[in-house]
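J.: Structure incoming, see below.
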Amino acid sequence: MSDAVRELVERYMPEFDVRRCGKVFTDTTQFMDINHGDVIELAGSHYLVLKDESERRFGMEDPKYWVKRCRELESGQPKILKLVFFERFPLNVGDFEVLCYRSPEKESRILDLVADDHRFMHGVTRRDDHDNPVRILDIVQGREIGKYVYAVKADHETYFHEHFPAILDNFMGACEAIASLHAQGEKHGDIRRDHLFIEYGTGAYRWIDFDYTFDFHENPFGLDIFGLGNILIYCAGKQVWNLGNLDQGGFSAEVLNGLDRGDHSLVIRNRVVNLRKLFPYIPAALNNVFLHFSQQAEVFYDTVEELLDELRPCRALLG
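Spelled out as structure tokens, the structure:
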């Protein structure tokens, strides 16, 4: 490591042991070789790698070796650097197979597109010496919407009447943000509840992570819309209700025996979406929105606006 870079570390991170400084990388192709203490140099700026990011999935930490939590040495600001990583896999949606894949260039386009839109995470793209598009992201300081909802200390009925209406208002705003992407021909690509953050201090709902995309010829934006439906149903239910935890919800045998295949999600097939069968105080009109994402559905939403057109009138039913 050069004396100049070492001096930057000493100046901006005096708590960091410079003896642990590693290599300087100007080519990020082999991201598995870039570790804690290494520095990534991009367009004259230097980023000290602190750790690999990870996602918690199915109760386990899933490391993302191509995503590095860093400190920009010149500014001292924390950043996330997303390096180039490709993968693809099929996903079944009812009778259809959807091809999902990562596209760093697509994420770069969206970062440019939403640079002035606070409903999304912000960042810039800089190319390394091998022409890899490295996305340099500002960190959204907030809480995932799923964790926020689950942590509300109230029984479901109290939560639904006293907390859910405000959450629904903000969620509809988040849907409008996705609709604005679609109107410009872009997709989010990976809409999940851990990709929608509630920002500390402002309470703003902000989307993160845009590097996935998908080919769904029957409904070009369909996977985004199903993702919105999953978040909506989670928020209305205060958690996921599925075959593995229904017996812990205090539901009667009559209620549980009344559930059938059509009451479950079209995409995640053990997940209950017909929440009115579990919570009869949920308005029928709102529950009908949920049923568009069920195995009994015959009509699906083609656009986010169609979803919102049916969701907005439900807000008045909640008081």
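For the sequence shown, the working numbering gives the first residue as 1, with consecutive numbering after it. Ideal placement from N, C-alpha and C gives every residue a C-beta, glycine not left out. As the structure is a prediction and not an experimental result, all values here were calculated from the model.
(1) Taking the straight line between their C-alpha atoms, what separation do you get for phenylalanine 25 and aspartate 17?
(2) Anyone know if the C-beta pair for tyrosine 159 and lysine 277 falls short of 8 Å?
(3) What is the DSSP secondary structure of histidine 188, counted as helix, strand or coil?
(4) Looking only at its own chain, which residues have a Cβ that is under 7 Å from the Cβ of leucine 311, when we skip the five neighbours before and after it?
(5) For arginine 20, I'd like the list of residues in its chain whose CB is within less than 6 Å of its CB, leaving aside the five on either flank, ordered along the chain.
(6) Return the chain-ordered list of same chain residues with a C-beta closer than 8 Å to the C-beta of glycine 203, the five sequence neighbours on each side being excluded.
(7) Three or more beta-carbon pairs under 8 Å between the segment 178 to 198 and the segment 241 to 259, yes or no?
(8) Would aspartate 131 and threonine 28 qualify as a contact pair, given that the criterion is a beta-carbon distance under 8 Å?
(9) Which residue comes first and which comes last in the alpha helix (DSSP H) that contains proline 133?
(10) Near proline 63, which residues of its chain fall below 6 Å by C-beta distance, leaving aside the five closest residues on each side in sequence?
(11) Considering only heavy atoms of the ligand SAH, does any lie closer than 7 Å to the CB of leucine 259?
(12) Is the separation between the beta-carbon of valine 124 and that of leucine 111 shorter than 8 Å?
(13) Assuming contact is defined by CB atoms lying nearer than 8 Å, are tyrosine 320 and lysine 79 in contact in what I supplied?
(14) If you check the beta carbons only, do glycine 189 and phenylalanine 293 fall under 8 Å apart?
T.: Based on what the coordinates show:
(1) Working through the sequence shown from its first residue, we reach residue 25 at position 25. Working through the sequence shown from its first residue, we reach residue 17 at position 17. Each residue's Cα considered, the two are about 19 Å apart.
(2) Position 159 of the sequence shown, counted from the first residue, corresponds to residue 159. Position 277 of the sequence shown, counted from the first residue, corresponds to residue 277. The answer is no: Cβ separation not under 8 Å.
(3) For this step, residue 188 is matched to residue 188 along the sequence shown. In this structure, histidine 188 counts as coil in the three-state DSSP scheme.
(4) For the purposes of this step, residue 311 is identified with residue 311 of the sequence shown, where counting begins at 1. These residues qualify, in order along the chain: Met172 and Val289.
(5) Working through the sequence shown from its first residue, we reach residue 20 at position 20. Spatial neighbours of arginine 20 in its own chain (CB-CB distance under 6 Å, excluding positions within 5 residues in sequence) are listed in chain order as Gly37.
(6) Within the sequence shown, residue 203 is the residue found at index 203, counting from 1. Once the five neighbours on either side are set aside, the close Cβ partners of glycine 203 are Asn170.
(7) The segment 178 to 198 is not in contact with the segment 241 to 259.
(8) Locating residue 131 in the sequence shown gives position 131, where the first residue counts as 1. Locating residue 28 in the sequence shown gives position 28, where the first residue counts as 1. Cβ distance not < 8 Å, so aspartate 131 and threonine 28 don't count as in contact.
(9) By 1-based counting over the sequence shown, the position of residue 133 is 133. For proline 133, no alpha helix (DSSP H) run applies; the uninterrupted beta strand (DSSP E) run containing it begins and ends at 133 to 138, by DSSP.
(10) Looking up residue 63 in the sequence shown gives position 63. Excluding sequence neighbours, proline 63 sits near Asp52 and Ser54.
(11) Although the ligand SAH was asked about, the structure shown includes no ligands whatsoever.
(12) Here residue 124 refers to the residue found at position 124 when the sequence shown is read from its first residue. Here residue 111 refers to the residue found at position 111 when the sequence shown is read from its first residue. Less than 8 Å separates the beta-carbon of valine 124 from that of leucine 111.
(13) A question about residue 320 goes unanswered here, because the residues of the chain that appear run from 1 up to 319.
(14) Start at 1 with the first residue of the sequence shown, and residue 189 comes out as number 189. Start at 1 with the first residue of the sequence shown, and residue 293 comes out as number 293. No, they are not a contact pair.
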